[in-house]
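Keeping their order, the protein sequence lines are chains V and H.
With positions in the first sequence counted from 1, the corresponding number in the working numbering is that position plus 55.
With positions in the second sequence counted from 1, the corresponding number in the working numbering is that position plus 55.
Protein chains: 2
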Amino acid sequence: MREFELLRYIYDANAALAGEIAIPPGDDMAMIRLAGRDLLAAVDQVIDGRHVRLETTPLALAGRKAVTRSLSDIAAMAVRPVGALAAVVLPPDFGAERAEALFDAIRATAADYDCPLVGGDIAFHGDASHPLTCSVTVFAEPVNGRAITRAGAEVDDVVYVTGALGGSVLEDGGGKHLTFEPRIAEAIQLAAALGPNLHAMIDLSDGLGRDASHIAEASNVQIVIDAAQIPCSAGVDWRVAAEGGEDYELLFAAAGDVPASLTGGLPVTAIGRVSPRRGEGEPAVVIRHGDETITADELGWQHES
Amino acid sequence: MREFELLRYIYDANAALAGEIAIPPGDDMAMIRLAGRDLLAAVDQVIDGRHVRLETTPLALAGRKAVTRSLSDIAAMAVRPVGALAAVVLPPDFGAERAEALFDAIRATAADYDCPLVGGDIAFHGDASHPLTCSVTVFAEPVNGRAITRAGAEVDDVVYVTGALGGSVLEDGGGKHLTFEPRIAEAIQLAAALGPNLHAMIDLSDGLGRDASHIAEASNVQIVIDAAQIPCSAGVDWRVAAEGGEDYELLFAAAGDVPASLTGGLPVTAIGRVSPRRGEGEPAVVIRHGDETITADELGWQHES
Numbered sequence: 056m057r058e059f060e061l062l063r064y065i066y067d068a069n070a071a072l073a074g075e076i077a078i079p080p081g082d083d084m085a086m087i088r089l090a091g092r093d094l095l096a097a098v099d100q101v102i103d104g105r106h107v108r109l110e111t112t113p114l115a116l117a118g119r120k121a122v123t124r125s126l127s128d129i130a131a132m133a134v135r136p137v138g139a140l141a142a143v144v145l146p147p148d149f150g151a152e153r154a155e156a157l158f159d160a161i162r163a164t165a166a167d168y169d170c171p172l173v174g175g176d177i178a179f180h181g182d183a184s185h186p187l188t189c190s191v192t193v194f195a196e197p198v199n200g201r202a203i204t205r206a207g208a209e210v211d212d213v214v215y216v217t218g219a220l221g222g223s224v225l226e227d228g229g230g231k232h233l234t235f236e237p238r239i240a241e242a243i244q245l246a247a248a249l250g251p252n253l254h255a256m257i258d259l260s261d262g263l264g265r266d267a268s269h270i271a272e273a274s275n276v277q278i279v280i281d282a283a284q285i286p287c288s289a290g291v292d293w294r295v296a297a298e299g300g301e302d303y304e305l306l307f308a309a310a311g312d313v314p315a316s317l318t319g320g321l322p323v324t325a326i327g328r329v330s331p332r333r334g335e336g337e338p339a340v341v342i343r344h345g346d347e348t349i350t351a352d353e354l355g356w357q358h359e360s
Numbered sequence: 056m057r058e059f060e061l062l063r064y065i066y067d068a069n070a071a072l073a074g075e076i077a078i079p080p081g082d083d084m085a086m087i088r089l090a091g092r093d094l095l096a097a098v099d100q101v102i103d104g105r106h107v108r109l110e111t112t113p114l115a116l117a118g119r120k121a122v123t124r125s126l127s128d129i130a131a132m133a134v135r136p137v138g139a140l141a142a143v144v145l146p147p148d149f150g151a152e153r154a155e156a157l158f159d160a161i162r163a164t165a166a167d168y169d170c171p172l173v174g175g176d177i178a179f180h181g182d183a184s185h186p187l188t189c190s191v192t193v194f195a196e197p198v199n200g201r202a203i204t205r206a207g208a209e210v211d212d213v214v215y216v217t218g219a220l221g222g223s224v225l226e227d228g229g230g231k232h233l234t235f236e237p238r239i240a241e242a243i244q245l246a247a248a249l250g251p252n253l254h255a256m257i258d259l260s261d262g263l264g265r266d267a268s269h270i271a272e273a274s275n276v277q278i279v280i281d282a283a284q285i286p287c288s289a290g291v292d293w294r295v296a297a298e299g300g301e302d303y304e305l306l307f308a309a310a311g312d313v314p315a316s317l318t319g320g321l322p323v324t325a326i327g328r329v330s331p332r333r334g335e336g337e338p339a340v341v342i343r344h345g346d347e348t349i350t351a352d353e354l355g356w357q358h359e360s
């Protein structure tokens, strides 16, 4: 069973609750209306053997990634971090020094992004062969009353991506998936610069095609990407860049003028356009490469059982 | 390394952040001040083989417990649930039907306590021998501007407990630890009835002695419990009741009149008194049993590695 199908199962059954839920589950963060104020929340996980490999990954980078994965959801909504909670399950022989190193990294990373760790839980597995798991919940608040969802892309919008794609996981297990910067400041900068012209946004965690399809599905449009325009990391071709996943760059649909780069020189590249979606059978995302048109809805990384 | 020492390590290092954190980590929930409003948050976990045993525990009860453990933290603060997020790691062969049954239980339990599931994450282990883990983050808001912390017990307060203790885990793995009711409504009722006379509260998860010591340490007092007054579950003596853990009843310190029972007939029993604590070397909690005085700080369940 696929993660996405399961999540959809959960969210669909939850739709009846939408009264106080301003943005229901299924976007990068949910938003709840709380006595007239909006609060956003999201949770993400890092598991040894799946998202990191503690045999080779330094603990500090594992702890960092546990937080930055969730922070990237905050970036995707262009909202402001408020606080984080971390729940960790350790193998019984993990050791105090290593546990402290892990939590130092979690706490320091959260603090670095103004998202202080305010709570946590630690539990131990019964068996030393069971892997470290770490879930991090983050809270955030809207900026100028706004949070940018996946829904809202309009026909004739241009589709943009920040940074370069495809350098995420190197053969030695390292790479940008351990060291990426959640684009929180850049997202807030974009939302301020574009105002109502910023229509929809997501962070690239699963892969360009798959994440673009989340915007296309939520907005009921088709996204057409030009392979030649995809900004690729050094040594990587467009197919790897589109399939890689874990880039944690921003993908967004906007009208009007868009800056060519953001604070710190982060490039913004137009890679495609929003088209009408003619029917259910039509792909949500296609990539044009010369004369080829490739269905890209499934291009990317999928947690599959 | 003990869970409590690790948590203390984390919290101590976090104390510098206390500016926007109205109740710092270390209580049942943290409280964040968010643009003039207070938001409480907590996270707790359920792991197969530790808190439940899926070989014998029905999935519906495992999912229920994953939520009720966190809801009990909301009860401990006498605050109002707002929403929940669940992060689950499944063995790869878990199966779609069972995953749906688990999430049905999580969602239904959260809804039952007016704490709607608004977000979640699902990941899969790499190996079928790795256990299901489920972390649930809950958030809540103060009631009438208040949240009841562990700090605030005063000398000469009476110490009370709701319900009966010691029936938590039966030999067959069942028992109240799977079916307990988080005392949210009762806690809010207590806070309304007692007003400023309700000084400190906690939920009984680790055991009477250990949880009482959390109040005593946070309040810088000693708690003296009378063994003869401890309300015991059927067939259980006071030692088992004091050591059992996972009762998820309320333990609180209050002055003045306290109702003998709460809505639904839940009994409230006076079991002890708050004394001055003379020095660091003195126990935080003692139980008097006839002529015996037993140091009870460590009486209870401890997640130990």
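The beta-carbon is built from N, C-alpha and C at its ideal position, and this holds for glycine as well.
Asked, Found
"Interface residues of the region 194-215 of chain H facing chain V [CB-CB below 9 Å]", "Phe194 and Glu196"
"Identified DSSP bridge partners for Met86(H)", "Ile78(H) and Leu95(H)"
"Cα-Cα separation between Gly174(H) and Pro237(H), rounded to whole angstroms", "21 Å"
"Three-state secondary structure (DSSP) of Ile280(H)", "strand"
"Reduced DSSP category for Leu225(V) - H, G, I as helix; E, B as strand; rest coil", "coil"
"Nearest-angstrom beta carbon gap, Gly181(H) and Gly104(V) [assumed within contact, 8 Å]", "4 Å"
"Status (buried if at least 16 other CB within 10 Å, exposed otherwise) for Ser190(V)", "buried"
"Distance cut-off 6 Å: Leu220(H) Cβ against heavy atoms of the ligand ADP", "In the structure shown, the ligand ADP is absent, as is every other ligand, since no ligand is present at all."
"7 Å Cβ shell around Ala282(H) - same chain, five flanking residues per side excluded", "Trp293, Ile342, Arg343 and His344"
"is_contact[Val98(H), chain V] using C-beta, thresh 7 Å", "yes"
"Per-residue DSSP class, three states only, for His106(H)", "coil"
"Bridge-paired residues (DSSP) for Arg328(V)", "Val213(V) and Val279(V)"
"Reduced DSSP secondary structure (H/G/I, E/B, other) of Glu353(H)", "coil"
"Contact set between the region 146-180 of chain V and chain H, restricted to residues whose Cβ is under 8 Å from the partner", "Pro147, Asp148, Phe149, Gly150, Ala151, Ala154, Glu155, Phe158, Asp159, Arg162, Ala166, Pro171, Leu172, Val173, Gly174, Gly175, Asp176, Ile177, Ala178, Phe179 and His180"
"Any chain H beta carbon closer than 7 Å to Pro80(V)", "yes"
"Outcome for Leu225(H) when other beta-carbon atoms lying within 10 angstroms are tallied against a minimum of 16", "exposed"
"Exposure label - Thr318(V); buried when at least 16 CB within 10 Å", "exposed"
"Buried versus exposed call for Glu301(H) [16 or more other C-beta atoms within 10 Å across all chains shown]", "buried"
"Own chain residues within Cβ distance below 7 Å of Ser316(H), not counting five before or after", "Pro322 and Val323"
"C-beta contact flag for Val193(H) and Ala97(H) at 7 Å", "yes"
"Residue-level contact to chain H via CB, Arg445(V), 7 Å cutoff", "There is no way to answer for residue 445(V), as the model of chain V reaches only from 56 to 360."
"Limits of the alpha helix (DSSP H) - the one that Thr164(H) falls within", "Ala151 to Asp167"
"Thr111(H) versus Gly230(H), Pro314(H) and Thr348(H), residue with shortest Cα-Cα distance", "Gly230(H)"
"DSSP beta-bridge partners of Val143(V)", "Ile177(V) and Cys189(V)"
"Assigned secondary structure, Glu196(H) (DSSP; H/G/I helix, E/B strand, else coil)", "strand"
"At least three beta-carbon pairs within less than 8 Å, the region 123-136 of chain H to the region 252-264 of chain H", "yes"
"Three CB pairs or more closer than 8 Å across the region 266-273 of chain H and the region 344-355 of chain H", "yes"
"Residues near Ile349(V) by beta carbon distance below 6 Å, same chain, minus five either side", "Ile342"
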